[in-house]
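Structure first, then comments.
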Amino acid sequence: MSLYAPRAAALCPNPFCAIELELAAQQCPKCDEPLAVGLRDAMVEVDVAHSGESWTEALDKLESALHFARRERYKGLRVIHGSGRGSIDSWEGPGRIRREVLNYLQQALSDSDASLSPEPHNPGAHLITF
Ligand SMILES: [Zn+2]
874 MSLYAPRAAA
884 LCPNPFCAIE
894 LELAAQQCPK
904 CDEPLAVGLR
914 DAMVEVDVAH
924 SGESWTEALD
934 KLESALHFAR
944 RERYKGLRVI
954 HGSGRGSIDS
964 WEGPGRIRRE
974 VLNYLQQALS
984 DSDASLSPEP
994 HNPGAHLITF
């Protein structure tokens, strides 16, 4: 799985404390300040279409990345699924990965507040914001 996850430090939002925190912390261990969801400002990025993946492998990668991004409380996930063009057999090739990825995401996100939107000016990626 190729995840791009910049490791920005997370600080306690309590200005009288402001110690550095574990990125997955739910509560500050020093002052007990509860930490809001969305602690991180970064997004996870996953490319499911440019390493010769089959569409089932693409969905496995996507599922892992989605789980990782939620568990580690990232702001969202950038999914690179390819534009779906450029293949003679697009039913089983890149076109299928794109289609299956979008189907999967619509179902996976339907019972949450997360939003799914096409990346501006890039037909090969979608952005999920939790
Ligand atoms: Zn604190």
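For the sequence shown, the numbering used here begins at 874 and goes up steadily by one. Heads up, the beta-carbon is just placed ideally off N, CA and C, and yes, glycines get one too. Predicted model, so just to flag it, every value in this text is computed and none were measured.
* Determine the direct distance from the alpha carbon of His994 to that of Ser983, and round the result to whole angstroms. => Reading the sequence shown from its first residue, position 110 is the one you call residue 983. Reading the sequence shown from its first residue, position 121 is the one you call residue 994. Taking the straight line from one Cα to the other gives about 25 Å.
* How would you call Cys970, buried or exposed, if buried means at least 16 neighbouring beta carbons within 10 angstroms? -> Reading the sequence shown from its first residue, position 97 is the one you call residue 970. Contrary to the premise, residue 970 reads as Ile rather than Cys in this sequence. Result: buried.
* To do: May I ask you to list the residues that DSSP assigns as paired with Ala998?
  => Sequence index remark: in the sequence shown, residue 998 carries index 125 (1-based). According to DSSP, Ala998 bridges with Ile953.
* Asked: For Gln899, does the three-state DSSP call read helix, strand or coil?
  -> As a working note, residue 899 is residue 26 in the sequence shown. Three-state DSSP puts Gln899 in coil, outside helix and strand.
* Under the assumption that Ala922 contacts Ala931 (Cβ atoms under 8 Å), give the Cβ distance between them as a whole number of angstroms. => Numbered from 1 along the sequence shown, position 49 holds the residue referred to as residue 922. Numbered from 1 along the sequence shown, position 58 holds the residue referred to as residue 931. Contact between Ala922 and Ala931 is confirmed by a C-beta separation of about 6 Å, below the 8 Å threshold.
* For Glu918, the first and last residue of its enclosing beta strand (DSSP E) -> Sequence index remark: in the sequence shown, residue 918 carries index 45 (1-based). In this chain, the beta strand (DSSP E) harbouring Glu918 covers 916 to 920.
* Inter-residue spacing [alpha-carbon to alpha-carbon] between Asp920 and Ala981 -> For this step, residue 920 is matched to residue 47 along the sequence shown. For this step, residue 981 is matched to residue 108 along the sequence shown. Going from the Cα of Asp920 to the Cα of Ala981 covers about 18 Å.
* Asked: Exposed or buried, Cys901, counting other C-beta atoms within 10 Å across all chains shown (16 or more means buried)?
  -> Within the sequence shown, residue 901 is the residue found at index 28, counting from 1. When all chains shown are included, Cys901 counts as buried.
* Can you have a look at His999 and say buried or exposed, based on whether 16 or more other CB atoms are within 10 angstroms of its CB? => Along the sequence shown, one-based indexing puts residue 999 at 126. Residue burial is scored here from C-beta neighbours: His999 has at least 16 other C-beta atoms within 10 angstroms and is therefore classed as buried.
* What number of angstroms, rounded off, separates the C-alpha of Leu950 from the C-alpha of Ala942? -> The count along the sequence shown starts at 1 and reaches residue 950 at position 77. The count along the sequence shown starts at 1 and reaches residue 942 at position 69. Looking at the two C-alpha atoms, the distance is approximately 7 Å.
* To do: Using alpha carbons as the reference points, say which of Gly957, Asp905, Gln899 lies closest to Asn840.
  => As displayed, the chain neither begins before 874 nor continues past 1003, which places residue 840 out of reach and without an answer.
* For ligand 1, any of its heavy atoms closer than 7 Å to the Cβ of Glu906? -> As a working mapping, residue 906 is identified with position 33 in the sequence shown. Taking non-hydrogen atoms of ligand 1 into account, the C-beta of Glu906 is found less than 7 Å away from one of them.
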